[in-house]
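Okay, so the sequence shown: first residue is 0 according to numbering that gives the first Met the number 0, each after it adds one. Note that the Cβ used here is the ideal one computed from N, Cα and C, for glycine as well. Contents: one structure, followed by commentary.
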Amino acid sequence: MGGSVSQQRLLDEFEWFHSHPELSCAEFDTTVRIKAALSQAGIAVLAGNPPLKTGLVAEIQGGLPGKTVALRADIDALPVNEETAVPYRSRNAGCMHACGHDFHMAALLGAALLLAEKRPELRGSVRFVFQPSEEVPGGALSVLQTGLLDTVSEIYGFHAMPNLKSGVVAVKDGATFGSTARFAISVQGKGGHAAMPELCKDPLVAAAALVCAAQTVISRNTNPFDTAVLSFTRIESGSAWNIVPDTAFIEGTIRGLGEGNCKRAAEQLERMCGGIALAYNVSIDFKPEFDSPSTNNDKTLCDFLWKLAEGNGYEVEEFTPTLGGEDFAYYQKRIPGVFFCFGVDSPFGLHHPKFQAKTDMLFQAARLMALIAESALARLAQG
Ligand code: NI
């Protein structure tokens, strides 16, 4: 594989994506750019029903009959002010590709260009999913709603990983990215003079008690062999040193690997809110919002990917699961697939203003995605 698709070509695409980041659901210029590159290579963009507002699904129909597999990249950036010194840094103030989605897109575009050259030998079709809005999770759902993945037999995607050596492939079966939920808690008390607490219902003390009590939500309710976390990330209350406030507001997140842990922890936290409200004579409103479920990598397909990558000269290792969220999980509810990681060796992590993906292995990422699609189709064609 190689031909006219070069590392330099993909670098140009990557740098353009990096310098033109767009927030979730607003990836308009990004979509235009991808569409142009695909059309230039004669790759068809499909019209979904309903169509996507941003992002796109494209298709290469192989010369030989067969099944359909999908490759996915997410395309949105984050509300982060870039602090790198690269010449192709973000031109959109307050917006940055700090999660490596520029790398994902450039690699997927490369895979499409590589596969377009092999069209006659392909045994089936490949659908290329350039998915909008992964960071504000739900983009995967809008892609599924288009119906364009209804006939897909397998789906693959990857995330650029800063803590892996450039070009290293990390795979693991089962749950590798966590199910995530966020929650907001409002405590309604009764404010007054700080010197007369007996006339108040102090929401701040109740909020503090809740944060402390909730530290047992995971430790006393989760199987010690399971993985889950509950973090409070924001607490707001009060206006001055001598006033008991009326209200307190708390935010946080619950995450877990596999099914159920996240829901169970949210239920326990809700019970605790009820108990604290009673004990402190305040009212507490608890609102959980469940985002994406856990990713769930198919064991057989993981073995397939591992062998394929190793056989083609990639260094492969077992991925250490994380409680970061990834809405690729929605695809895996319907389609067997693998979400793996690809090393980009950055000293600063994902979502950091100094995150900087190493791009020396960008072409290798594209080549791997193309190999996966080609080999999966060949395997599926054998029955
Ligand atoms: Ni990401």
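Close CB contacts of T67 within its chain, under the 7 Å cut and outside five residues either way in sequence, are with G123, S124, R126, T150, V151 and S152 (chain order). Looking at the DSSP output, R254 sits in a beta bridge with T179 and V228.
Under DSSP, V4 takes part in no beta bridge, so it has no partner. Three or more Cβ pairs closer than 8 Å define a contact, and the stretch 191-205 meets that threshold against the stretch 238-253. Residue environment for G190: buried (at least 16 other C-beta atoms within 10 angstroms of its C-beta). Where L112 is concerned, there is no enclosing beta strand (DSSP E), although the alpha helix (DSSP H) around it starts and stops at H100 to E116. Note that the C-beta distance between R88 and I154 is not below 8 Å. Between the C-alpha atoms of Q187 and F248 there is a straight-line separation of about 9 Å. In terms of side-chain proximity, the C-beta atom of C98 is found nearer than 7 Å to a non-hydrogen atom of ligand 1. In this structure, P161 lies away from S18, with their beta-carbon atoms at least 8 Å apart. Counting every other CB atom within 10 Å of its CB across the protein chains shown gives E317 a total below 16, marking it as exposed.
Nearest C-alpha to A212 among G166, S230 and G336: S230. Residue pairing by DSSP places V128 opposite V56 and R71 in a beta bridge.
In the DSSP annotation of this structure, the continuous segment of the alpha helix (DSSP H) that includes M368 starts and ends at L361 to A380. With contact defined as three or more Cβ pairs closer than 8 Å, the stretch 45-59 and the stretch 137-150 are in contact. Per the C-alpha coordinates, the member of Y313, A111 and V216 positioned closest to C261 is V216. Using a C-beta cut-off of 8 Å, the stretch 163-179 makes contact with the stretch 324-339, since at least three inter-stretch Cβ pairs fall below that distance.
Secondary structure in the stretch 244-304: the beta strand (DSSP E) runs of 3 residues or longer, each lying completely within the stretch, are 246-255 and 282-289 in chain order. Taking 8 Å as the cut-off, the Cβ atoms of L361 and L9 count as close. Here R32 carries a helix assignment [DSSP, helix/strand/coil]. Counted as a single uninterrupted DSSP element, the stretch harbouring A159 is not any alpha helix (DSSP H) but the beta strand (DSSP E) occupying residues E153 to M160. Taking a contact as a CB-CB distance under 8 Å, the pair T294 and Q331 counts as one, their CB atoms being some 6 Å apart.
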